[in-house]
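Chains as they are written, first to last, in our numbering: chain L, 9 to 468; chain S, 9 to 468.
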């Protein structure tokens with residue numbers, strides 16, 4: 009197992025005029041040999057999974073392990089954006105471990121062939137990823153002196169939050185509790201109506217101002233009519249500083265898909281302070297974008313010029329973008345390519361036939377409609393235990409979350425002013441009170457889970 | 009889905025002179041298309057899984073489904089030997105479903121190539137089998153009118169009991185409770201000392217008579233010394249009426265392995281009435297065998313002649329066996345070939361290196377030592393719910409069972425006079441009181457699980 013020291017990326021809150029410490033998360037990087045297929049014996053291939061460890065605060069006599077269940081991206085991105093784990097590790101004397109999700113970052117089972125054909129890509133499933141984490145944690149508990157009696161608390165946000173919840177549901181003998189932040193575990197066929205998601209995005213912008221939502225609503229028609237001829241295509245390409253000028257209806261469709269992602273992403277990362285998760289953005293970016301979209305009486309070119317002023321906040325908050333690249337919307341370390349293979353959700357309208365056709369064309373595989381509900385459930389979670397489902401009500405993904413207390417140990421924590429897994433981010437003076445309280449509750453549950461585990465060990 | 013009517017095998021209790029009804033279990037046979045690999049997208053092959061249904065007593069308005077999780081054998085064998093389900097289905101107005109385990113009976117994924125090389129045999133795992141059952145039950149609930157709100161209770165004995173417990177542990181959203189009879193869920197590395205199993209077999213024979221256990225104990229040495237020369241090999245082959253005369257030390261080893269299986273099987277099926285599960289046997293077969301092994305002062309040939317008198321009870325109770333076939337010990341419908349691939353246990357002494365070498369030689373695969381504990385747990389089962397672990401104390405497999413109440417809903421039922429999953433067999437006048445009481449408790453838990461499920465549905 010080769011290790012090398014890396015310095016976590018360095019970020020500071022330069023735009024809020026209060027004294028905030030600059031964080032430098034330190035971790036060692038390791039690699040573990042994993043089976044490509046944990047569930048059968050037909051394929052004996054292995055690959056190297058990356059994971060990050062920090063044990064500077066760890067109690068070497070059975071102190072807890074805080075494990076982040078990596079989701080769709082480079083694991084260093086999640087290490088940098090999950091400050092909550094770093095903030096509370098000292099008081100829990102916890103070891104911090106970030107596990108990279110197979111097929112993301114540098115944990116590619118088949119190198120650059122990984123996402124080419126089903127023979128190689130076919131092992132990109134949540135079940136296989138969870139088994140990687142089971143093997144990793146069991147290995148760490150086995151080889152690290154003092155970790156044999158360590159409780160494991162699993163953390164995750166978004167798809168990582170789903171993994172965290174499913175990890176506890178499926179492997180309660182491996183992890184003692186789960187903080188599942190903004191986990192849309194019910195965003196699947198039969199559980200949640202498809203249009204809820206888009207309604208929540210709309211609501212976020214309408215709450216900033218009625219005119220803002222109206223400008224966006226009208227923009228689709230304006231784009232369609234203006235791009236109906238070559239002059240309009242050229243005008244919009246120039247006015248919006250597109251990196252790749254619009255040439256066809258297909259290009260316009262790509263641009264509209266980009267816009268849908270932009271509005272969705274803004275709603276997701278509507279944090280109360282400047283942050284750089286999906287893109288570098290100011291505090292409360294929805295409000296900032298909406299401050300440019302104030303006159304919904306505009307039409308045509310005037311409306312699209314107005315929209316572009318708002319759009320600029322998203323694609324060029326740093327002032328460093330030379331042009332708008334409609335083919336790229338989020339942090340490059342979040343891996344869109346692999347995610348497309350895995351993504352079961354889509355903002356409405358939901359067309360499963362078209363989705364299936366696209367999957368077959370791009371990946372050579374047919375999606376399994378009920379794979380998640382059959383594997384993990386989602387209707388009640390009554391048989392589960394030791395899970396906190398936290399959701400910010402600004403977050404469109406909260407529409408697929410667990411928003412009620414299922415039982416005494418499977419609880420919902422609501423953050424009315426919170427966006428996508430705000431609670432997993434580092435404490436910040438600009439935090440609304442609701443997220444401070446959410447983190448306090450989460451810590452109380454973690455404490456309880458650790459105590460229960462120690463009692464169980466004592467009784468054995 | 010083709011169906012055909014089969015008549016369950018017909019068996020009567022002809023040897024006890026009391027009036028006992030003759031059973032004729034009726035079911036329809038169906039086949040379902042299953043994926044060979046449920047956990048990845050690299051292999052799109054499918055196969056036909058057999059399952060049996062009887063719905064003559066079923067309440068078509070959400071009545072429960074009693075599901076038997078098929079284990080290592082032809083599913084009709086389990087349908088015939090799980091009378092408990094048939095006995096109680098009428099009062100629960102339950103549908104009965106028996107699902108055949110992949111690679112057994114006629115549910116062979118790759119026909120007669122199924123057990124040849126890992127490419128075909130590699131999908132014979134408990135995880136894949138459970139996913140077959142998930143798909144099967146979800147399909148039935150979907151297509152059978154009135155089954156959409158049906159609770160499912162899963163039953164299983166031995167390895168099938170392990171599957172039943174794991175089914176509830178891993179898929180509590182699919183099955184509402186599990187009767188796990190004689191399920192050695194702790195018969196794995198780290199949980200149970202290897203020598204407990206052999207000790208329990210010895211104890212069963214010693215309880216019949218001290219001389220019985222002593223004769224068997226001395227027999228190994230007698231076999232070794234007598235077969236040391238050609239005359240002895242010929243003598244034993246003739247005296248024991250072996251189908252295949254002994255020619256070498258390897259043949260003697262095979263014979264001794266056969267004997268170990270015989271004593272183990274007798275302990276397992278030490279039922280209080282004549283039965284035909286692993287072999288046709290009289291009531292309390294251990295006692296009957298031991299009635300021939302009364303003089304432990306014998307040595308050499310006299311001892312082996314004495315032993316053969318006892319052995320005859322096992323291999324030729326019907327009087328129809330022409331010779332003793334040391335290569336075949338149990339009902340032909342219990343599939344030894346597939347089971348060898350899957351069997352993790354072995355009576356002591358346990359040599360994992362030798363086991364691994366044998367697996368690699370025979371199957372081309374390397375066993376994964378901790379596959380079961382990592383996948384399903386086994387240390388505490390504290391996070392599980394709605395499982396009855398029943399164990400007969402005559403049964404050597406009880407040494408790897410859960411013999412204590414884990415919680416209010418994960419309970420242990422002990423049957424002191426019971427052999428291997430006696431409680432799953434049909435009620436019989438010769439039943440000891442303890443198994444009558446065990447079945448009463450199991451029915452009470454099933455009633456509770458069904459009520460809980462109906463309440464949950466009412467609250468939704």
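Just so you know, even glycine gets a beta-carbon here, dropped at the ideal spot from N, CA and C.
Subject >> residue 464 of chain L: contacting residues in chain S (beta-carbon distance under 8 Å) >> reply: Ordered by position in chain S, the residues that pass the 8 Å Cβ test against residue 464 of chain L are 388 and 390.
**OP:** Rounded to whole angstroms, what's the CA-CA distance from residue 285 of chain L to residue 89 of chain L? Just pull it up for me.
**Re:** The straight-line gap from Cα to Cα measures roughly 7 Å.
**OP:** Just the C-alpha distance for residue 38 of chain S and residue 144 of chain S, rounded to the nearest angstrom, thanks.
**Re:** Using only the alpha carbons, I get a separation of about 11 Å.
Subject >> Secondary structure, alpha helix (DSSP H): runs of 4+ residues fully inside the region 278-314 of chain L >> reply: Restricting attention to alpha helix (DSSP H) runs no shorter than 4 residues, the region 278-314 of chain L encloses them at 293-298, ordered along the chain.
Original post:
Terminal residues of the continuous alpha helix (DSSP H) containing residue 215 of chain L?
Top reply: Residues 203-216.
Original post:
Should residue 327 of chain S go down as buried or exposed, given a rule of 16 or more other Cβ atoms within 10 Å for buried?
Top reply: Residue 327 of chain S comes out exposed.
**OP:** In the DSSP assignment, find the alpha helix (DSSP H) that holds residue 421 of chain L and state where it starts and stops.
**Re:** Not the alpha helix (DSSP H): residue 421 of chain L falls in the beta strand (DSSP E), residues 418-423.
**OP:** Report yes if the CB atom of residue 298 of chain S is closer than 7 Å to the CB atom of residue 216 of chain S, and no otherwise.
**Re:** It is a contact, given that the beta carbons lie within the stated cut-off.
**OP:** Return the residues of the region 42-70 of chain L that lie within a Cβ-Cβ distance of less than 8 Å from chain S, sorted by chain order.
**Re:** Considering only beta carbons, the part of the region 42-70 of chain L lying closer than 8 Å to chain S consists of 45, 46, 47, 48, 49, 50, 51 and 52, in chain order.
Original post:
What does a CB cutoff of less than 7 Å around residue 404 of chain S pick up in its chain, not counting 5 residues either side in sequence?
Top reply: Only 205, 208, 209, 272, 275 and 276 meet the Cβ criterion.
Original post:
In or out: residue 171 of chain L buried (at least 16 other Cβ within 10 Å) or exposed?
Top reply: Per the 10 Å Cβ criterion, buried.
**OP:** May I have the straight-line CA-CA distance separating residue 448 of chain S from residue 441 of chain S, to the nearest angstrom?
**Re:** About 11 Å.
Subject >> residue 359 of chain S to residue 203 of chain S span [Cα, whole Å] >> reply: For residue 359 of chain S and residue 203 of chain S, the distance between alpha carbons rounds to 12 Å.
**OP:** Have a look at L:466, L:394 and L:67 and flag the residue whose alpha-carbon is nearest the alpha-carbon of residue 415 of chain L.
**Re:** Of the candidates L:466, L:394 and L:67, the one whose C-alpha sits nearest the C-alpha of residue 415 of chain L is L:394.
Original post:
From the DSSP output, which residues share a beta bridge with residue 76 of chain L?
Top reply: DSSP, once it has assigned bridges, lists L:106 and L:163 as partnering residue 76 of chain L.
Original post:
Are residue 173 of chain L and residue 142 of chain L close, meaning C-beta to C-beta below 7 Å?
Top reply: The answer is no: Cβ separation not under 7 Å.
Subject >> Proximal residues to residue 97 of chain S (C-beta, below 7 Å), its chain only, five neighbours per side dropped >> reply: Counting only Cβ-Cβ distances below 7 Å, and skipping sequence neighbours, we find 65, 74 and 104.
**OP:** State the Cα-Cα distance for the pair residue 51 of chain L and residue 131 of chain L, rounded to the nearest angstrom.
**Re:** Straight-line spacing of the CA atoms in residue 51 of chain L and residue 131 of chain L works out to 11 Å.
Original post:
Grouping DSSP H, G and I as helix and E and B as strand, with all else coil, what is residue 318 of chain L?
Top reply: Residue 318 of chain L: helix per DSSP, three-state reduction.
Subject >> Length of the line joining the Cα atoms of residue 428 of chain L and residue 392 of chain L >> reply: Whole-angstrom Cα-Cα distance: 24 Å.
**OP:** Mind reading off the beta-carbon distance from residue 72 of chain S to residue 32 of chain S? Whole number of angstroms is fine, and I expect it under 8 Å.
**Re:** Going by Cβ atoms, the distance from residue 72 of chain S to residue 32 of chain S rounds to 23 Å, so no, they are not a contact pair.
Subject >> Close beta carbons around residue 161 of chain L, own chain, < 8 Å, minus the five adjacent residues each side >> reply: Once the five neighbours on either side are set aside, the close Cβ partners of residue 161 of chain L are 72, 73, 74, 75, 102, 183, 184, 185, 186, 187, 454, 457 and 458.
Original post:
Any Cβ of chain L within less than 7 Å of the Cβ of residue 135 of chain S?
Top reply: The Cβ of residue 135 of chain S sits closer than 7 Å to at least one Cβ of chain L.
Subject >> Short-range partners of chain S found in the region 447-461 of chain L, where Cβ spacing is below 9 Å >> reply: Here the close residues are 460.
Original post:
Should residue 374 of chain S and residue 368 of chain S be called a contact, given that it needs their Cβ atoms to be closer than 7 Å?
Top reply: It is a contact, given that the beta carbons lie within the stated cut-off.
Subject >> Local conformation of residue 114 of chain L per DSSP, three classes >> reply: Looking at residue 114 of chain L - three-state DSSP - the assignment turns out to be coil, as it is neither helix nor strand.
Subject >> Limits of the alpha helix (DSSP H) - the one that residue 148 of chain L falls within >> reply: Counting along the chain, the alpha helix (DSSP H) containing residue 148 of chain L begins and ends at 134-151.
Original post:
From what residue to what residue does the alpha helix (DSSP H) around residue 245 of chain L run?
Top reply: Per DSSP, residue 245 of chain L belongs to the alpha helix (DSSP H) from 238-247.
**OP:** Let me know the alpha helix (DSSP H) ranges lying completely inside the region 38-93 of chain L, each 4 residues or longer, listed in chain order.
**Re:** Fully contained in the region 38-93 of chain L are the following alpha helix (DSSP H) runs of length 4 or more, in chain order: 83-88.
Subject >> Spatially closest choice to residue 136 of chain S from S:79, S:291, S:419 and S:444, by CA coordinates >> reply: The alpha carbon of residue 136 of chain S has as its nearest neighbour, out of S:79, S:291, S:419 and S:444, the alpha carbon of S:79.
Subject >> residue 353 of chain L versus residue 212 of chain S - alpha carbon distance >> reply: For residue 353 of chain L, the predicted structure reports a pLDDT of 32, less than 50, and the residue's modelled location is therefore unreliable. A value from the coordinates is still provided. The alpha-carbon atoms of residue 353 of chain L and residue 212 of chain S are separated by roughly 58 Å.
**OP:** Taking only beta-carbon positions, decide if residue 131 of chain S is within less than 7 Å of chain L.
**Re:** Cβ-Cβ to chain L under 7 Å: yes for residue 131 of chain S.
Original post:
If you count every other CB in all the chains shown that lies within 10 Å of the CB of residue 371 of chain S, and 16 or more means buried, which is it?
Top reply: With a 10 Å radius around the Cβ and a threshold of 16 neighbouring Cβ atoms, residue 371 of chain S comes out buried.
**OP:** Assign residue 399 of chain L to one of three DSSP states: helix, strand, or coil.
**Re:** Residue state, collapsed to three classes: strand.
Original post:
Taking DSSP as the reference, what is the three-state secondary structure of residue 123 of chain S?
Top reply: Judged by DSSP in its simplified three-state form, residue 123 of chain S adopts coil rather than helix or strand.
**OP:** Identify, in the order they occur along the chain, each residue of the same chain with its Cβ nearer than 7 Å to the Cβ of residue 400 of chain L, setting aside the five sequence neighbours on each side.
**Re:** Closer than 7 Å at Cβ, skipping near neighbours: 190, 406, 423, 426, 427, 428 and 430.
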